[in-house]
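Structure record follows, encoded as structure tokens.
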């Protein structure tokens, strides 16, 4: 029997500890590092759905800590991953939980770090009713959440996107002008009657100008006060869609499409108008430190987009 096979000899042999180079080695170029960590981690979150309660949803996660010990070669990166893996899938997503999670990220580094940063990218699904018919469908809303804690304080941001329809006011004015000109040309003085006008407008051969509209996108980023009470982050999506008046629809019938056309006619929007609507929808919310909005109207007239952005409080 060899020494290797002898159980007594094997037990007496010292076990070699696997090396941890990041922990035991010293950097030859001493310096602190602002942020070290991982991004694009694939992890599930536990989200609170207003209809279904807690549900797991897929997310992309980024996690960073500061490296404040100049001679330390690296951070304990695997500890960050296992912490996030276990906690994000088991505790419902809210500010209080995320605040505690960031504190635990700092503690996991054993005095190497004073700061931590957590970014979550995920999608919320909402059931949306049609405008008139009772039909319904699903809408997908991208969210990006940031929580950052440093010795200077806590920063909490919620970012999201909404899609809406924007009808160009200039195009609408030109279309109305063309309609009036066409009516005058067709009927002339003294030839007006409601039945003739209705018949003329209903004729598919009547060439009446229509205003151009486009699918438009708003990217909104809210800076939340530390400790603010927010029970459902989807409330911000609802507020933005109400401000525009013309959010994109899901399943529709003819009466829904007609109502959508009417709403577009009543909510004519330059990109500047759209940005201002978000400003006045959010600026009085006392839970916010501030916010930034960027709107993009994907022109049907041009190959380029019309874009406007603003911050509150103003930055210039």
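Numbering (the working numbering), first residue to last: 3 to 318.
Glycine included, every Cβ here is placed at the ideal spot set by N, Cα and C.
Short Cβ contact (9 Å threshold) for residue i with residue j
i: residue 149; j: residue 63; result: no
i: residue 158; j: residue 49; result: no
i: residue 2; j: residue 180; result: The requested residue 2 is not part of the displayed model; the chain covers only 3 to 318.
i: residue 249; j: residue 167; result: yes
i: residue 81; j: residue 156; result: no
i: residue 44; j: residue 65; result: no
i: residue 114; j: residue 77; result: yes
i: residue 136; j: residue 79; result: no
Residue i versus residue j: straight-line alpha-carbon distance, rounded
i: residue 279; j: residue 246; result: 7 Å
i: residue 253; j: residue 265; result: 17 Å
i: residue 303; j: residue 267; result: 18 Å
i: residue 122; j: residue 176; result: 45 Å
i: residue 164; j: residue 139; result: 16 Å
i: residue 73; j: residue 239; result: 46 Å
i: residue 111; j: residue 153; result: 16 Å
i: residue 75; j: residue 143; result: 40 Å
i: residue 276; j: residue 284; result: 13 Å
i: residue 171; j: residue 216; result: 12 Å
i: residue 132; j: residue 141; result: 12 Å
i: residue 71; j: residue 242; result: 44 Å
i: residue 230; j: residue 204; result: 55 Å
i: residue 99; j: residue 84; result: 17 Å
i: residue 281; j: residue 97; result: 24 Å
i: residue 261; j: residue 255; result: 10 Å
i: residue 37; j: residue 117; result: 8 Å
i: residue 307; j: residue 220; result: 13 Å
i: residue 194; j: residue 187; result: 12 Å
i: residue 88; j: residue 151; result: 21 Å
i: residue 169; j: residue 198; result: 29 Å
i: residue 182; j: residue 191; result: 13 Å
i: residue 92; j: residue 309; result: 40 Å
i: residue 200; j: residue 251; result: 29 Å
i: residue 273; j: residue 305; result: 16 Å
i: residue 178; j: residue 189; result: 17 Å
Limits of the unbroken alpha helix (DSSP H) element including residue i
i: residue 284; result: 273-284
i: residue 235; result: First-last for residue 235: undefined, no H or E at that position.
i: residue 266; result: 256-268
i: residue 340; result: What is shown of the chain runs 3 to 318, which leaves residue 340 out entirely.
i: residue 86; result: 79-90
i: residue 196; result: 196-204
Selected residue, minimal CA-CA separation from residue i, among the options
i: residue 271; options: 203, 109, 299 and 211; result: 299
i: residue 68; options: 281, 232 and 108; result: 108
i: residue 315; options: 301, 153, 305 and 295; result: 295
i: residue 54; options: 102, 220 and 127; result: 127
i: residue 90; options: 117, 237 and 103; result: 103
i: residue 61; options: 194, 173 and 145; result: 145
i: residue 286; options: 229, 151 and 224; result: 224
i: residue 213; options: 36, 269 and 204; result: 269
i: residue 162; options: 96, 237, 189 and 187; result: 237
i: residue 185; options: 202, 169 and 174; result: 202
i: residue 173; options: 301, 305 and 189; result: 301
i: residue 232; options: 160, 151 and 169; result: 160
Limits of the unbroken beta strand (DSSP E) element including residue i
i: residue 137; result: Run containing residue 137: none; DSSP gives neither H nor E here.
i: residue 69; result: 55-69
i: residue 127; result: 118-131
i: residue 179; result: Premise fails: residue 179 lies in the alpha helix (DSSP H), 171-189, not in any beta strand (DSSP E).
i: residue 51; result: 35-51
i: residue 298; result: 290-300
i: residue 309; result: 307-314
i: residue 319; result: The question about residue 319 has no answer here: the residues shown for the chain are numbered 3 through 318.
Inter-residue CB distance, residue i and residue j (contact presumed, cutoff 8 Å)
i: residue 289; j: residue 226; result: 6 Å
i: residue 258; j: residue 129; result: The pair is not a contact, with the Cβ atoms about 15 Å apart (cut-off 8 Å).
i: residue 218; j: residue 297; result: 6 Å
i: residue 313; j: residue 292; result: 7 Å
i: residue 56; j: residue 32; result: Wrong, their Cβ atoms sit about 46 Å apart, outside the cutoff.
i: residue 52; j: residue 228; result: Not quite, the Cβ-Cβ distance comes to about 25 Å (not below 8 Å), so this is no contact.
Closer than 8 Å: residue i CB and nearest the ligand SAH heavy atom
i: residue 144; result: You won't find the ligand SAH in this model; it holds no ligand whatsoever.
C-beta neighbour in chain D for residue i, strict 9 Å
i: residue 238; result: Absent here is chain D; the protein component of the structure consists of one chain.
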